[in-house]
Amino acid sequence: MEIFEYFRHFLETEDTKILFILALICGAMILDFLLGTIAAKINPSIEFRSQIGIYGILRKMVSIFLLVFFIPLSVIVPGGVGTALLYTLYLGYLLMELKSILENYQKMGGTADLFQRFLDSFKSSTDKKGDDDVKRN
């Protein structure tokens, strides 16, 4: 299983882990855009407009620039807290991209119930925490 060893190579240091997650986000963004384009083409209830596609590409490019911008900022936060915050930001963004990929897959007529329940489990635990915070205030 050489491919697993190849990917483990990227997880040897904290720096490469962060860049690996960023690469996963970029790959997910590309897949999300492609599936969204295909879904708009094959689903008659979705109007395919190039303006929406261009807006999506620009939004994703700005997101990548901002995610990269936070790398040097994480270094100046003391005690490793910056790295932890960067992991949280990146993993949260990756989950949002995965949710968008599943939504596009469902627009194409596919079923992704198992994956949707997995992603919804993150959402429901976050919603419950937010509800508890509101009740306390």
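Following UniProt numbering, the numbering of the sequence shown begins with 1 at its first residue and continues without gaps.
Even for Gly, the Cβ is constructed at its ideal location relative to N, Cα and C.
Exposed unless 16 or more other CB atoms sit within 10 angstroms - verdict on residue i
| i | result |
| --- | --- |
| residue 93 | buried |
| residue 105 | buried |
| residue 79 | exposed |
| residue 58 | exposed |
| residue 22 | buried |
| residue 34 | exposed |
| residue 121 | exposed |
Straight-line Cα distance separating residue j from residue i
| i | j | result |
| --- | --- | --- |
| residue 17 | residue 62 | 22 Å |
| residue 99 | residue 14 | 26 Å |
| residue 38 | residue 108 | 8 Å |
| residue 160 | residue 20 | Residue 160 is absent from the structure shown; the chain starts at 1 and stops at 137. |
| residue 12 | residue 84 | 16 Å |
| residue 144 | residue 8 | Shown here, the chain extends from 1 to 137; a query on residue 144 therefore has no answer. |
| residue 36 | residue 114 | 20 Å |
| residue 55 | residue 116 | 26 Å |
| residue 101 | residue 65 | 21 Å |
| residue 77 | residue 50 | 41 Å |
| residue 44 | residue 4 | 41 Å |
Same chain, Cβ closer than 7 Å to residue i, five either side skipped, listed in chain order
| i | result |
| --- | --- |
| residue 70 | 86 and 89 |
| residue 75 | 82 |
| residue 97 | 25, 28, 29 and 32 |
| residue 40 | 46 and 48 |
Residue i versus the options, residue with shortest Cα-Cα distance
| i | options | result |
| --- | --- | --- |
| residue 32 | 45, 8, 53 and 46 | 53 |
Chain-order list of residues whose beta-carbon lies under 8 Å from that of residue i (same chain, five-residue window excluded)
| i | result |
| --- | --- |
| residue 73 | 82 |
| residue 67 | 22, 25, 89, 90 and 93 |
Same chain, Cβ closer than 6 Å to residue i, neighbours up to 5 away in sequence not counted
| i | result |
| --- | --- |
| residue 60 | 29 |
| residue 10 | 16 and 20 |
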